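See structure below.
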Amino acid sequence: FTYVAIAPTRGVGVFAAINQFNAGGFEAMVHAVNELIYQLAPR
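Counted the way my numbering counts, the sequence shown spans residues 1275 to 1317.
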């Protein structure tokens, strides 16, 4: 399963992949990726 988040106006994009789908794992991955985008592309 893959998840992509981008902040194009900030020049930041994150691609994450997991090899086994788990609803809890997906939620944690989405949260971590979005937090990373927030940290890398401050307003």
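Idealized CB from N, CA, C, for every residue including glycine.
No experiment lies behind these values; they were computed from the predicted model shown.
Give a yes or no on whether the C-beta atoms belonging to residue i and residue j are separated by under 8 Å.
| i | j | result |
| --- | --- | --- |
| residue 1302 | residue 1281 | no |
| residue 1253 | residue 1275 | No statement about residue 1253 is possible, as the shown extent of the chain runs from 1275 to 1317 and does not include it. |
| residue 1286 | residue 1311 | yes |
| residue 1288 | residue 1307 | yes |
At what residues does the beta strand (DSSP E) containing residue i begin and finish?
| i | result |
| --- | --- |
| residue 1289 | 1286-1291 |
| residue 1276 | 1276-1281 |
How far does the alpha helix (DSSP H) with residue i in it reach, from first residue to last?
| i | result |
| --- | --- |
| residue 1297 | 1297-1314 |
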